[in-house]
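In what follows, a structure is listed as structure tokens, so that the remarks can point back to it.
Residue numbers (the numbering used here): 73 to 284.
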């Protein structure tokens, strides 16, 4: 068996090689789990990319596109559309908890490996110190342009809402929360959150304290 499936002859069966041994539903699970854990921002980038019709769900054809991307990325060769259909059905069988034929945000989050919620380290705190706020802002300002917008903002809100106990998060709730946050914080109406605007939201009574 080792000789048959150890394609690179290193004496070990790697994730990619293991994926070829297992049945479809298990092989793709192995393939998904072999990916580097995603931050909430990276997760939202993938979501936005493959939710191509912005419906708030990953539907069958979008799931197939994502799987094809994953296969290409891992250099697993060509795959027929029939096989993709088979694999998509297997993934839905495992992760489509409400059996509606598509994946919502919380279901996709169970499929993809993600990093621990960055905000979890502040569990139990009523507020953040300024230095803690600086760490939070730096983490979610992925492109370091001094603002939080787009997938950065969605990633922050996803972590924040889950940190507050909302484990059943969906895109409708996330978009609603995003709209409310922009209404409260986006003082200049440019659709993005400036550093000072976010600090006023997170630390409204502490913004003037000395830097630690």
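Glycine residues also receive a C-beta, built at the ideal position from the N, C-alpha and C atoms. These numbers were taken from a predicted model, which means no experiment stands behind them.
State buried or exposed for residue i, treating a residue as buried only when at least 16 other CB atoms are found within 10 Å of its CB.
i           : result
residue 192 : exposed
residue 127 : exposed
residue 236 : exposed
residue 134 : buried
residue 252 : exposed
residue 145 : exposed
If you drop the 5 nearest sequence neighbours on each side, which residues of the same chain put their C-beta closer than 6 Å to that of residue i?
i           : result
residue 273 : 257
residue 113 : 214, 223, 224 and 227
residue 109 : 185, 186 and 187
residue 17  : Since the first and last residues shown for the chain are 73 and 284, residue 17 lies out of range.
residue 157 : none
So residue i and residue j are supposed to be a Cβ contact under 8 Å. How far apart are they, rounded?
i           : j           : result
residue 200 : residue 209 : That pair is no contact at about 10 Å.
residue 132 : residue 169 : About 16 Å; that fails the 8 Å criterion.
Can you tell which of the options has the C-alpha that lies nearest to the C-alpha of residue i?
i           : options               : result
residue 249 : 261, 225, 268 and 262 : 225
residue 116 : 107, 151, 261 and 228 : 228
residue 221 : 159, 125 and 261      : 261
Name the one or two DSSP bridge partners that residue i has.
i           : result
residue 118 : Beta-bridge pairing links residue 118 to no other residue.
residue 219 : 266
residue 175 : 130
residue 186 : 110
Considering only residues of the same chain and omitting the five flanking positions on each side of residue i, which have a CB-CB separation below 7 Å?
i           : result
residue 241 : 177, 178, 230, 233 and 234
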